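>
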Amino acid sequence: MARFFIDRPIVAMVISILMVLVGIVTIVQLPIALYPNIAPPEILLTARYPGADAVTLEQSVATPIEQQMSGVDKMLYMYSLNQSAGSQMQLRVDFDVTTDPSVDQVLTNLRYSQAASQLPPDVVNQGVSVTKSVTSPLGLF
Numbered sequence: 001m002a003r004f005f006i007d008r009p010i011v012a013m014v015i016s017i018l019m020v021l022v023g024i025v026t027i028v029q030l031p032i033a034l035y036p037n038i039a040p041p042e043i044l045l046t047a048r049y050p051g052a053d054a055v056t057l058e059q060s061v062a063t064p065i066e067q068q069m070s071g072v073d074k075m076l077y078m079y080s081l082n083q084s085a086g087s088q089m090q091l092r093v094d095f096d097v098t099t100d101p102s103v104d105q106v107l108t109n110l111r112y113s114q115a116a117s118q119l120p121p122d123v124v125n126q127g128v129s130v131t132k133s134v135t136s137p138l139g140l141f
């Protein structure tokens with residue numbers, strides 16, 4: 001079989017061009033719903049601490065929550081952003097692609113509730129939101 005294509009390189013090029021064209025036509029016609037899910041589920045935890053600067057937010061809010069979050073099942077990584085403007089802390093927790101975002105949200109909420117006793121009363125009174133972050137496709141044709 002290989003000898004056939006070695007002796008006839010034009011046939012090999014035509015077949016490979018046809019395969020590429022069929023692939024392009026197929027991917028253009030594929031509905032977005034059938035694209036594989038490659039973006040990991042992300043849970044967003046937002047806390048407000050009125051009057052606090054970024055360093056205070058990090059030490060009194062972000063650190064206790066991050067310590068509780070470490071070890072959540074199938075968590076890939078987490079990162080937090082502490083802003084002086086608005087006195088707000090955002091913690092993003094990314095999970096494995098195979099997990100259910102609703103279950104991830106419940107697990108994150110449970111870990112937050114364990115850390116709530118270590119947070120300043122103003123943060124608890126303001127309320128902390130744990131939401132599923134909306135992820136968009138990386139690119140559409």
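Number 141 marks the last residue of the sequence shown (the numbering used here); no jumps.
Note that CB positions come from ideal geometry on N, CA and C, so glycine has one too.
This structure is a prediction, so every number in the text was calculated from the model and none was measured.
(1) Within its chain, find whatever has a CB closer than 8 Å to the CB of valine 20; leave out the 5 residues flanking it on each side and keep chain order.
(2) Helix, strand or coil for tyrosine 112 per DSSP?
(3) Can you list the alpha helix (DSSP H) stretches of 4 or more residues lying completely in the segment 52-138, in chain order?
(4) Looking at C-alpha atoms only, which residue of Asp73, Gly86 and Asp94 is the closest neighbour of tyrosine 79?
(5) I'd like the span of the beta strand (DSSP E) that includes alanine 12, first residue to last.
(6) Less than 7 Å separating the beta-carbons of valine 130 and asparagine 109?
(7) If you count every other CB in all the chains shown that lies within 10 Å of the CB of serine 87, and 16 or more means buried, which is it?
(8) For isoleucine 43, list the residues DSSP reports as bridge partners.
So, from the listed chains and residues:
(1) Here residue 20 is taken as the residue at index 20 of the sequence shown, counted from 1. Correct list: empty, nothing qualifies.
(2) Taking the first residue of the sequence shown as position 1, residue 112 is located at position 112. DSSP places tyrosine 112 in helix when its eight states are reduced to three.
(3) 54-57, 63-69, 101-115 and 121-126
(4) If you number the sequence shown from 1, residue 79 lands on position 79. Cα-wise, what sits closest to tyrosine 79 is Asp94.
(5) Taking the sequence shown and counting its residues from 1, one reaches residue 12 at position 12. Alanine 12 -> not in any beta strand (DSSP E); alpha helix (DSSP H) instead, spanning 9-29.
(6) The residue you call residue 130 lines up with position 130 of the sequence shown. The residue you call residue 109 lines up with position 109 of the sequence shown. Yes, the Cβ-Cβ distance between valine 130 and asparagine 109 is below 7 Å.
(7) Counting from 1 along the sequence shown, the entry for residue 87 is found at position 87. Result: buried.
(8) What you label residue 43 is simply residue 43 of the sequence shown in a count that begins at 1. Val93 and Lys132.
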